[in-house]
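Colleague: Have a look at this one before I ask anything.
Residue numbers (UniProt numbering), protein chains in the order written: chain Z, 1 to 83; chain X, 1 to 365.
This is the structure in structure tokens:
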């Protein structure tokens, strides 16, 4: 005759619930932090991103291509001299 | 039979009320968190006064794009999974499914070092800022650092140092500004910061609900944060000192395979299995652009910005690389060449080139 203590099963379920509550509390605290951060309007943020791109465009070799002589990856022509 | 009843009956009422109370607390907390989530969306929506591409209308369009493969690095025996540039702008470290980690000179295409890892699927590798070491890891759940010796004959594996230990695969790793600390992300759902010398865990970052697939450190001027992306479709921004998650973004519809900071540090891009790349601005705290086309249906494995942040390169599972105009949101170019999916992509430190690694066993510069 197998007799499971229903109380033990219930205790197991309770500690599982306690863990879920601890997780739920953490989620709530985290969300409160995220809701309260300072934010900027997209118009301003976008303008800043654009300004950065424009300021650095000339230094960006993939946007403003380098002269072939300055490209470190260009095919190097090898000359052999027969001495 | 009656004995059982005796054990059960006196305790049930008390525990029943406790259980009911716990369930009530749980559902209160759930309601509170749902309310907060709605509030977060409302706060974010308030800032949505204009779209990035509208603001970008006054910017000049980019010229015609001709990008050619200048070098093909052959030598891996299987899929290339990850690569990183050395700060000297010419050396590259790459890792592969066959367990090999190779250091190449991208100018000459010569292999300078090769290490065989004890595991297959080396999913992560990184070059140390000094150029004197590389870190790598994968299915061994560890991140190991190999000092690079100038002596070609020296067995690199002998000097190997195990730094990080996770409980699941290592998905990404990166040195911080120095050779002394490494940041890792893992299939165990966490990221962690380690001291290389002692192997000690300095900080761990919990918050992802599933495997973390990628991470990127903020450019040094902007301070101690990093962004991570995972299978829970979230991109999280973390404070490295406190371990706290500062911001979280959940607009992708599938796993986020790659995250990369915009060069100014004020934004980051992400690439996902949902076939889109997205740009998130950290100060506006929201997604500000989506880079997608109906014709693109394959997932993005890897993203990186050009030096000025104007171009976003995305490596896709349909073997191509799409180049996007970050500001206008349009595709500038599509690059073909790889014969299998592109798994990794990084722009060189001086921006003159970018390197892509693929399941076709090669890397292209």
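We put the CB at the ideal spot given by N, CA and C, even for glycine.
The structure displayed is predicted, hence computed values, not measured ones.
Count the C-beta pairs between the region 57-67 of chain Z and the region 346-353 of chain X that are closer than 8 Å, then say yes if the count reaches three, no if not.
Modeller: Cβ pair count under 8 Å is three or more, so yes.
Colleague: So who's on the other strand from residue 147 of chain X, going by DSSP bridges?
Modeller: DSSP, once it has assigned bridges, lists X/133 as partnering residue 147 of chain X.
Colleague: Measuring CB to CB, does residue 320 of chain X end up less than 8 Å from residue 336 of chain X?
Modeller: Yes, the pair counts as a contact, with Cβ atoms nearer than the cut-off.
Colleague: Residues of the UniProt repeat "WD" (73-114) of chain X with a CB closer than 7 Å to any CB of chain Z: list them in chain order, please.
Modeller: Against chain Z - using a Cβ distance shorter than 7 Å - the residues of the UniProt repeat "WD" (73-114) of chain X are 107.
Colleague: Beta-carbon within less than 8 Å of residue 200 of chain X's beta-carbon, same chain only, minus the 5 sequence neighbours each way: which residues are those?
Modeller: Once the five neighbours on either side are set aside, the close Cβ partners of residue 200 of chain X are 194.
Colleague: Using a cut-off of 9 Å between C-beta atoms, extract the partners of residue 39 of chain X located in chain Z.
Modeller: In chain order: 31, 35.
Colleague: Roughly how many angstroms lie between the CA atoms of residue 187 of chain X and residue 68 of chain Z, to the nearest whole one?
Modeller: Between residue 187 of chain X and residue 68 of chain Z, the C-alpha separation is close to 44 Å.
Colleague: Residues in the same chain with beta-carbon distance under 8 Å from residue 179 of chain X, minus the five sequence neighbours each way, listed in chain order, please.
Modeller: Contacts found: 128, 129, 130, 132, 133, 196.
Colleague: Going along the chain, which residues of the UniProt repeat "WD" (300-334) of chain X sit with their C-beta nearer than 8 Å to a C-beta in chain Z?
Modeller: Within the UniProt repeat "WD" (300-334) of chain X, the residues whose Cβ lies closer than 8 Å to some Cβ of chain Z are 306, 307, 308, 309, 310, 311, 326, 327, listed in chain order.
Colleague: Judging by CA-CA distance, which residue of X/286, X/66, X/17 is the nearest neighbour of residue 332 of chain X?
Modeller: Minimum Cα distance to residue 332 of chain X is reached at X/66.
Colleague: Mind checking who residue 287 of chain X pairs with in its DSSP beta bridge?
Modeller: For residue 287 of chain X, which the question treats as bridged, DSSP gives the partners X/280.
Colleague: Which residues in the same chain as residue 4 of chain X place their Cβ atom closer than 8 Å to its Cβ, once the five residues preceding and following it in sequence are excluded?
Modeller: In this prediction, residue 4 of chain X scores a pLDDT of 49, lower than 50, which makes its location untrustworthy; the coordinate-derived value is nonetheless stated afterwards. Closer than 8 Å at the Cβ level, and outside the excluded window around residue 4 of chain X, lies no residue.
Colleague: Run through DSSP, which three-state label would residue 112 of chain X get?
Modeller: Looking at residue 112 of chain X - three-state DSSP - the assignment turns out to be strand.
Colleague: Residues of the UniProt repeat "WD" (205-248) of chain X with a CB closer than 8 Å to any CB of chain Z: list them in chain order, please.
Modeller: Of all residues in the UniProt repeat "WD" (205-248) of chain X, 207, 244, 245, 246, 247, 248 have a Cβ within less than 8 Å of some Cβ in chain Z.
Colleague: Please list, in chain order, the chain X residues whose beta carbon lies closer than 8 Å to that of residue 43 of chain Z.
Modeller: Residues of chain X passing the Cβ test: 49, 50, 55.
Colleague: Is residue 190 of chain X closer than 8 Å to residue 143 of chain X when the C-beta atoms are compared?
Modeller: Not in contact: residue 143 of chain X and residue 190 of chain X (Cβ atoms no closer than 8 Å).
Colleague: Let me check understanding here. Comparing Cα to Cα, which of X/313, X/340, X/125, X/36 lies closest to residue 182 of chain X?
Modeller: Comparing Cα positions, the closest option is X/125.
Colleague: So, is the C-beta of residue 352 of chain X closer than 8 Å to a C-beta in chain Z?
Modeller: So, interface residue.
Colleague: For residue 88 of chain Z, which three-state DSSP category applies?
Modeller: Lying before the first or after the last residue shown, residue 88 of chain Z is absent from chain Z, which here runs from 1 to 83.
Colleague: Nearest by alpha-carbon distance to residue 342 of chain X: which of X/239, X/217, X/83, X/246 is it?
Modeller: Of X/239, X/217, X/83, X/246, the residue nearest in Cα terms is X/83.
Colleague: Tell me, which residues are paired with residue 298 of chain X by DSSP?
Modeller: Answer is none; residue 298 of chain X lacks a bridge partner.
Colleague: May I ask you to check if the CB of residue 49 of chain X is nearer than 7 Å to at least one heavy atom of the ligand MG?
Modeller: With respect to the ligand MG, the structure offers nothing, as it holds no ligand at all.
Colleague: Measuring alpha carbon to alpha carbon, tell me which residue in X/274, X/344, X/80 is nearest residue 303 of chain X.
Modeller: Ranking X/274, X/344, X/80 by Cα distance to residue 303 of chain X puts X/344 first.
Colleague: Jot down the residue ranges of each uninterrupted alpha helix (DSSP H) in the region 18-62 of chain X, minimum 4 residues, whole runs only, in chain order.
Modeller: Runs found: 52-55.
Colleague: Specify the secondary structure class of residue 260 of chain X as computed by DSSP and reduced to three states.
Modeller: It is a strand residue.
Colleague: Should residue 150 of chain X go down as buried or exposed, given a rule of 16 or more other Cβ atoms within 10 Å for buried?
Modeller: The residue in question, residue 150 of chain X, is exposed, as its Cβ has fewer than 16 Cβ neighbours within 10 Å.
Colleague: Please confirm whether residue 136 of chain X and residue 117 of chain X have their CB atoms less than 8 Å apart.
Modeller: Going by C-beta atoms, residue 136 of chain X is nearer than 8 Å to residue 117 of chain X.
Colleague: Does any C-beta atom of chain X lie closer than 8 Å to the C-beta of residue 62 of chain Z?
Modeller: True, the Cβ-Cβ gap to chain X drops below 8 Å.
Colleague: Distance check for residue 309 of chain X and residue 89 of chain X, CA to CA, integer angstroms please.
Modeller: Using only the alpha carbons, I get a separation of about 18 Å.
Colleague: When the Cα of residue 231 of chain X is compared with those of X/255, X/239, X/278, X/245, which residue comes out closest?
Modeller: Comparing Cα-Cα distances from residue 231 of chain X to each of X/255, X/239, X/278, X/245, the minimum goes to X/255.
Colleague: For residue 72 of chain Z, would you say it is in contact with chain X, using Cβ-to-Cβ distances shorter than 8 Å as the test?
Modeller: Closer than 8 Å to some Cβ of chain X, the Cβ of residue 72 of chain Z qualifies, so yes.
Colleague: Starting from residue 239 of chain X, follow the alpha helix (DSSP H) in both directions and report where the run begins and ends.
Modeller: Residue 239 of chain X -> not in any alpha helix (DSSP H); beta strand (DSSP E) instead, spanning 235-239.
Colleague: Using a Cβ-Cβ cut-off of 8 Å, state whether residue 19 of chain Z counts as contacting chain X.
Modeller: Output row for residue 19 of chain Z: interface = no.
Colleague: May I have the straight-line CA-CA distance separating residue 176 of chain X from residue 215 of chain X, to the nearest angstrom?
Modeller: Between residue 176 of chain X and residue 215 of chain X, the C-alpha separation is close to 12 Å.
Colleague: Just mark residue 49 of chain X as buried or exposed, buried being the case when its beta carbon has 16 or more other beta carbons within 10 Å.
Modeller: Counting Cβ neighbours within 10 Å, residue 49 of chain X comes out exposed, since fewer than 16 surround it.
Colleague: Output the boundary residues of the alpha helix (DSSP H) element that contains residue 44 of chain Z.
Modeller: Unbroken alpha helix (DSSP H) run through residue 44 of chain Z: 42-56.
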